[in-house]
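Remarks on the structure that follows.
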Amino acid sequence: RPSAKRGLKINEYGVFDAKTDRRIAGEREEEIYQILNLPFIPPELREDRGEIKAAQENKLPELIKYSQIRGDLHLHTKWSDGANTIKQMAEAAKKRGYEYIAITEHSQSLKFAGGLTEERLREQIELIQRLNRELSDFTILTGIEVDIKSDGSLDFSDEILSKLDVVVAAVHSGFKQESKIITERIIKAMQNRFVSIIAHPTGRLIGYRESYQVDINKIMDVAAETGTILEINAYPERLDLNDIYCRMAKEKGVQLVIETDAHSVDGLEFMNLGVDVARRGWLEEKDVI
Numbered sequence: 012r013p014s015a016k017r018g019l020k021i022n023e024y025g026v027f028d029a030k031t032d033r034r035i036a037g038e039r040e041e042e043i044y045q046i047l048n049l050p051f052i053p054p055e056l057r058e059d060r061g062e063i064k065a066a067q068e069n070k071l072p073e074l075i076k077y078s079q080i081r082g083d084l085h086l087h088t089k090w091s092d093g094a095n096t097i098k099q100m101a102e103a104a105k106k107r108g109y110e111y112i113a114i115t116e117h118s119q120s121l122k123f124a125g126g127l128t129e130e131r132l133r134e135q136i137e138l139i140q141r142l143n144r145e146l147s148d149f150t151i152l153t154g155i156e157v158d159i160k161s162d163g164s165l166d167f168s169d170e171i172l173s174k175l176d177v178v179v180a181a182v183h184s185g186f187k188q189e190s191k192i193i194t195e196r197i198i199k200a201m202q203n204r205f206v207s208i209i210a211h212p213t214g215r216l217i218g219y220r221e222s223y224q225v226d227i228n229k230i231m232d233v234a235a236e237t238g239t240i241l242e243i244n245a246y247p248e249r250l251d252l253n254d255i256y257c258r259m260a261k262e263k264g265v266q267l268v269i270e271t272d273a274h275s276v277d278g279l280e281f282m283n284l285g286v287d288v289a290r291r292g293w294l295e296e297k298d299v300i
C-alpha cells in the first residue's frame with residue numbers, strides 16, 4: 012500500500028504519521044493525493060478496479076463531462092407514447108445547449124406504445140424536414156426505435172430504414188429466450204447495415220426485471236466488427252449498459268452513445284445519470300459519440 016510504504020496511516024479522519032500519530036492531511040481530498048504523490052482520482056473511479064495503479068502510472072482517464080454532450084439520439088414524442096411534440100422536444104434540447112436530437116418513435120409491432128406504421132413514419136420524416144427549415148443552429152435527425160423480432164429480423168423494411176438518419180434497434184419481447192438464441196437475435200440485427208445503435212443492450216429494468224441472458228461479451232465483439240454503437244440508456248430504471256460493461260466496451264474499442272430515452276421534455280434531465288454511468292466506466296469524450 013502506498014501509505015504504509017511512506018510511513019503513513021490513513022483512515023476516515025485523515026492522513027497521519029504512523030510513528031507520531033500526527034495528522035498531516037485531510038482537510039481536503041486533494042491534500043491526501045498530494046502527500047501520496049498521486050494525481051487526484053475522481054470519486055467515480057474509486058472502486059478498487061485498478062485506479063491506484065493507473066494513477067501511479069499517470070494513466071487515469073480524462074473522464075467525460077456533461078458539458079461535452081452535444082445531443083440525444085433516442086427520444087419519443089406524441090407520435091408514439093411521448094408527452095410532447097417534436098418541436099417542443101427540439102426547443103427544450105436547444106435550451107440545454109444541444110446541437111441536435113433524433114426522434115426515434117417505437118415501430119409498428121409495439122402497438123401498445125403507439126408504434127408507427129411505415130406510412131406514419133414517412134409522414135413524420137416530412138414533418139421533421141419542414142421543422143429543420145424553421146430552426147436555426149439546430150438539427151432534428153429522423154429516426155426510429157425499430158423492434159428486433161424474436162427471429163432477429165427488424166420491424167421495418169430496409170427500404171424505409173435507408174431513409175432515416177438514425178436507426179436504434181431494440182428488444183422489447185422474448186426476454187426469456189435462451190442465451191444463444193437472444194444473443195444471435197441481437198447479432199442478426201447488428202449485421203443489418205442500416206442499424207446504427209443497439210438500445211438498452213441487456214434489457215434490465217432496475218427493481219423490476221433482470222437482464223436477459225445475452226452474451227454481452229459476444230455482442231461487443233460483433234459491435235467492434237460491424238461498427239455498431241451500443242447505448243448507455245440513461246433512463247433511471249435502465250442505466251443500461253452499466254458501468255462495468257462500459258469499461259469492457261472501451262477496452263474492446265466499441266463506440267458508445269449516451270441517450271435518455273426521454274418521453275417528455277423533463278426526461279432530457281436523465282442525461283446526467285447516463286454521464287455518471289459513463290464516468291464510472293472510465294469513459295472519455297473520445298469513447299462516446
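In this text, residue positions in the sequence shown follow my numbering: the first is 12, and each later residue adds one. Heads up, the beta-carbon is just placed ideally off N, CA and C, and yes, glycines get one too. Note that this is a predicted model, so its numbers are computed, not measured.
Check, Outcome
"Starting from Glu-102 and walking both ways along the alpha helix (DSSP H), at which residues does that stretch end?", "97–106"
"For Phe-51, count neighbouring Cβ atoms within 10 angstroms of its own Cβ and tell me buried if that reaches 16, exposed if not.", "exposed"
"Using the Cβ count rule (16 or more neighbours within 10 Å means buried), how would you classify Phe-205?", "buried"
"Please list, in chain order, all residues of the same chain as Pro-306 whose beta carbon is under 6 Å from its beta carbon, the five residues on each side excluded.", "The question about residue 306 has no answer here: the residues shown for the chain are numbered 12 through 300."
"With C-beta atoms as the reference, is Val-268 less than 8 Å away from Glu-242?", "yes"
"Please list, in chain order, all residues of the same chain as Ala-101 whose beta carbon is under 8 Å from its beta carbon, the five residues on each side excluded.", "Ile-112, Leu-142, Leu-146, Phe-149 and Ile-151"
"Does the beta-carbon of Ser-91 have 16 or more other beta-carbons within 10 angstroms, so that it is buried, or is it exposed?", "buried"
"Quick one: Cα of Glu-168 to Cα of Ile-136, how far?", "For clarity, residue 168 is Ser in the given sequence; the question names Glu instead. Each residue's Cα considered, the two are about 16 Å apart."
"Find the nearest neighbour of Ile-46 within the set Gly-61, Asp-28, Arg-81 and Glu-55, judged by alpha-carbon distance.", "Asp-28"
"Within the present structure, is the beta-carbon of Ile-209 separated from the nearest heavy atom of the ligand FAD by less than 7 Å?", "The ligand FAD is not part of the structure shown, which contains no ligands of any sort."
"Looking at the unbroken beta strand (DSSP E) that takes in Val-178, where does it start and where does it end?", "177–181"
"Quick one: complete beta strand (DSSP E) runs, 3+ long, within the region 262–293?", "267–270"
"Helix, strand or coil for Leu-132 per DSSP?", "helix"
"I'd like to check one pair, Ile-230 with Ile-197: are the Cβ atoms closer than 8 Å?", "yes"
"How should Pro-54 be labelled, buried or exposed, when 16 other C-beta atoms within 10 angstroms of its C-beta is the threshold for buried?", "exposed"
"Report yes or no: is there a C-beta of chain C within less than 8 Å of the C-beta of Leu-165?", "The structure shown contains no chain C; it is built from a single protein chain."
"So what does Phe-27 bridge to, in DSSP terms?", "Lys-20 and Arg-34"
"How many Å lie between His-117 and Val-157 at the Cα?", "6 Å"
"Would you mind stating whether Asp-83 and Ala-273 have Cβ atoms separated by less than 8 Å?", "yes"
"Mapping the DSSP letters down to three states, classify Ile-112 as helix, strand or coil.", "strand"
"Could you tell me if Thr-88 is buried or exposed, where buried requires 16 or more neighbouring beta carbons within 10 angstroms of its beta carbon?", "buried"
"Let me make sure I understand the geometry here. Which of Met-259, Glu-170 and Val-288 has the alpha-carbon closest to that of Thr-271?", "Val-288"
"Could you name the residues of the same chain whose beta carbon sits closer than 6 Å to that of Leu-172, not counting the 5 residues immediately before and after it, in chain order?", "Val-178 and Phe-205"
"Note down, in chain order, each residue of its chain lying with its Cβ closer than 8 Å to the Cβ of Ile-43, except the 5 sequence neighbours on either side.", "Ile-21, Gly-25, Val-26, Ala-36 and Gly-37"
"Is Val-206 helix, strand or coil when you go by DSSP?", "coil"
"Less than 8 Å separating the beta-carbons of Lys-303 and Asp-232?", "Any question about residue 303 goes unanswered here, given that the chain covers just 12 to 300."
"Could you pull out every residue in the same chain whose Cβ sits closer than 6 Å to the Cβ of Ile-193, ignoring the five residues on either side in sequence?", "Tyr-223 and Val-225"
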